[in-house]
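Everything on this sheet refers to the single structure shown next.
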Amino acid sequence: MNIKYGTTFFSALCLSFLLTFSLSGKDGNGNGKATKKLETTKELETITKLTSTIISKQHYRQESFNDNVSARLFNEYFKMLDPGKIYFTKEDIKSFESYRNELDDLAMEGSLDFAFKVYSLFMKRLDEYEKFADQLLARKIDFKTNEEFSFDRQSADWAANDSELKELWQEKIENDLLTLKLIERAGLELEKSAKKNKDESQKASHIDPSWNNKTPEERIKKRIASYTNYLRQYEALDVLELYLSSLARVYDPHSAYMAPKTEEEFNIEMRLSLVGIGAVLTSEDGYTRIENIIPGGPAEVDGSLKSGDRIIGVAQGDGEMVDVIDMPLSKVVRLIRGSKGTSVRLKILDGSKGIYADPQIITITRDTVNLKDREAKGRIENFKSLSGRTLKIGIITLPSFYMDFEAAFRGDKDYKSSTGDIKKILEDFNRQKIDGLIIDLRSNGGGSLAEAVTLTGLFIKNGPVVQIKGSFGDIEVKHDEDQSISYDGPMIVLLNKLSASATEIFAGAVRDYNRAILVGDSQTHGKGVVQVIYELEKFLSFIGAKFPAGSVKFTNAKFYRVNGESTQIKGVVPDISFPSFTDAMDIGEKSLDYALPWDSISAVPHDSYVDDISKIIPDLSAKSALRRANSKEFKLLEKDIESYKRLMKRKTVSLNEEKRWSEYLKEKQIHEEQKKLMKFDDERGSEFSEKSGLKKEQDPGDIYLKETENIMVDYVDCLNKKASSGTCAKRVSQPERPLK
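The C-terminal residue of the sequence shown carries number 731 in this note's numbering, and the numbering is unbroken.
What follows is the structure in structure tokens.
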């Protein structure tokens, strides 16, 4: 959540872009061989001193520079330059050991000696790697070996010396080459199958002729050369950005230094004025991975991409497909952006299939992320309860916590906002006398903090909503001051692991007030921290200087629920959880290095709107578990999740072509069998939709929403039972007792 620009999950894209900017890089346009000479200047020294002072004094962690910070920075800078541990050796790192406990003092002095020396060695290693690859690829490689390649490089150790490094280089290049050969082989098999079955559409979605005019060896050589040439263009300010971002990152993963160029990109992104596909991207093991799909964007509308998918190629319209493996994220983002209405072709690997995924080509038309597409939407569905009564369930989908800040600042009374839109939906629902309400906040990455507070206010009379603790221990409590309640009936909030920030504040508040039952993934994202941006130029006037200096973004506060618990790391835990792929994915705050820890503070007095809602949750949970145990859809889902977990546990791949091909065919057969079962289910779902008149978004294919609806029916049934049964809480419109 970002104070200067409003809370938005888009900040995750920009931070991800910044932190992976140099992990691997390629441009394809550079043709010079000489790396630019890195020399410090008074301006760079001033930026270093200023950034170091701000981070050490103002960051929430409140940790002054010391040997511990220095050691973390020492390790982080090597990791930022070489996250895959492909280029540096233990001997290389040991040669800089004298700096390990000195970087804190050097940073305060403005010294960049360590940063520039390490980067120069990094470029020397890249040149060596390029020459090594050219020599290796010039001869025929026999893929009949029994060796394995450890592709999980981030958790691997550094090579001990140059000899081990050369072995690693050979294994990596052989694996890259074998991967491309197997992709070609799979494509040819698919083409044969398509011709046999006369299915040209299947062929078109997988085979891209623009790559067939280059051999796998040529493509790898070009990839490495482009990567090295791109990094040769780095100037001193670019390296400074990497180094100071490493410094900020050892305080927490959401802090960074942004050079003027990056700062400008950040500002443009925050205004949503660039046109793209509407996806949050990150870099992982040389691949560009889909972190999140932005609600209302072209990717969501198209429906072909999902979180976890990897992009391995990008093409403009009908142009040549550009290989983006090992390409820096900043370059990939630039390739994907373009004019509104133009198309971009992406070659992707299905994230759920791991290393055995077939490449597929999808086409997405670029567009802006329209507020209209991100706004709250509501509908009412009818269900039969066990008692035979027809129940009306209102369903609201909210992709983000939005508001028109400019209109609000002008004082417009009816400015566009998520709270205003949902209030209108609830007025309509109340006229139609709904029996229960479901609010779908899956993949809602947050937005305006003020909106999280006012939206909570629609469901409570008034009271505290969230606590914010600053860097120096000061605590601010945000209240809902509106006495009115827009809806006082049964409510369920549906969440997943991509529900973050403002979403977690709202979900935590309505649960703490006992206004809603929470269902979904095992936990939400767990981002409970606030960032502020300091523009460094504003500080330069105090020392009589003026030049473009960039900005420092750092964490200066944490969120706490009214019950005193932080939403950091642990997020919000639902009352009833569903099986999910996210349980096997490194998604969420807890997967990030240097994330601030979970903790708690004192609770603030708040009301309870149901006489202990927790008494009925075990009954609802048991009924849900029984349904899921007998559900074909959930059984298939759990099989898919187990397959995915098995693939994710694998850390090595064979460098034997036939063994690797055999493994691929085995995994493909498993997926095909599951696909057949799912196809039967989809056909049954379509048949159901035709008979029921439901729209596509209401199809039974969304098994999570379907089960949430079942839970709501059970919930309403429970509330309608006689109070004498003692099994259900009673519905109330006013708080019954205050919680201290």
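For glycine and all other residues, C-beta sits at the position ideal for the given N, C-alpha and C.
- Three or more Cβ pairs drawn from the segment 77 to 97 and the segment 155 to 163 lie within less than 8 Å of each other, which places the two stretches in contact.
- Nearest C-alpha to Gln474 among Asn487, Thr447 and Phe463: Thr447.
- Each residue's CA atom was taken as its position, placing Leu233 and Lys322 some 16 Å apart.
- Cβ-Cβ separation between Ser295 and Ile353: approximately 4 Å, consistent with a contact (criterion under 8 Å).
- Residue pairing from DSSP places Leu428 in a beta bridge opposite Gly385 and Met482.
- Judged by DSSP in its simplified three-state form, Ser146 adopts helix.
- In the DSSP assignment, Lys48 falls within the unbroken alpha helix (DSSP H) covering Lys33 to Gln49.
- The alpha-carbon of Gly304 is positioned some 39 Å away from that of Glu36.
- Taking Leu432 as reference, the option from Glu658, Tyr242, Glu175 and Met482 with the minimal CA-CA separation is Met482.
- The alpha-carbon of Gly411 is positioned some 16 Å away from that of Glu397.
- By the Cβ rule, the segment 553 to 572 counts as touching the segment 581 to 591, because three or more pairs are nearer than 8 Å.
- Just measuring C-alpha positions, the residue of His516, Gly461, Glu442 and Asp610 sitting nearest Met703 is Asp610.
- Assigned with DSSP and collapsed to three states, Lys659 falls in helix.
- Less than 9 Å divides the Cβ of Ile284 from the Cβ of Glu291.
- With respect to the 9 Å criterion, Val563 and Leu617 are not classified as neighbours on the basis of their beta carbons.
- Going by DSSP, Thr356 is part of the beta strand (DSSP E) stretching over Pro350 to Thr356.
- If only complete runs of 3 or more residues are kept, the segment 245 to 321 shows the beta strand (DSSP E) at 247 to 249, 270 to 275, 278 to 284 and 301 to 307, in order along the chain.
- Pairing Glu442 with Ser409, the inter-Cα distance amounts to about 7 Å.
- Contact between Gln423 and Tyr551 does not hold, since the beta-carbon distance rounds to 37 Å and is not under 8 Å.
- Counting along the chain, Ala507 sits inside no alpha helix (DSSP H), nor does DSSP assign it H or E at all.
- The DSSP assignment places complete alpha helix (DSSP H) segments of no fewer than 4 residues inside the segment 54 to 85 at 58 to 72 and 81 to 85, in order along the chain.
- Residue range Ser409 to Arg422 is occupied by the alpha helix (DSSP H) that includes Gly411.
- Arg380 carries a coil assignment under DSSP once its states are collapsed to helix, strand and coil.
- In this structure, Met318 places its C-beta atom within 9 Å of the C-beta atom of Ser217.
- The shortest C-alpha to C-alpha distance from Ser274 to any of Ser237, Leu337, Asn421 and Val315 is the one to Val315.
- Each residue's CA atom was taken as its position, placing Glu100 and Leu117 some 30 Å apart.
- Put simply, the backbone Cα of Asp693 is about 13 Å away from that of Pro570.
- In this structure, the CA atom of Ala348 is about 41 Å from the CA atom of Arg52.
- By the 16-neighbour rule on beta-carbons within 10 angstroms, Val468 is exposed.
- Within 10 angstroms of the beta-carbon of Thr699 lie 16 or more other beta-carbons, which makes it buried.
- A Cβ-Cβ separation of about 13 Å leaves Ala493 out of contact with Ser434 under the 8 Å criterion.
- As summarised for the segment 514 to 542, the continuous alpha helix (DSSP H) elements at least 4 residues long and confined to that stretch are 528 to 531, given in chain order.
- Taken in chain order, the complete beta strand (DSSP E) segments of 3 residues or longer contained in the segment 425 to 467 are 427 to 431 and 454 to 461.
- Nearest in C-alpha terms to Ile38, of all of Asn711, Ser568 and Phe530, is Phe530.
- Between the beta-carbon of Leu583 and that of Pro244 there is about 4 Å, and that keeps the pair under the 8 Å contact cut.
- In the three-state reduction of the DSSP assignment, Asn188 falls in the helix class.
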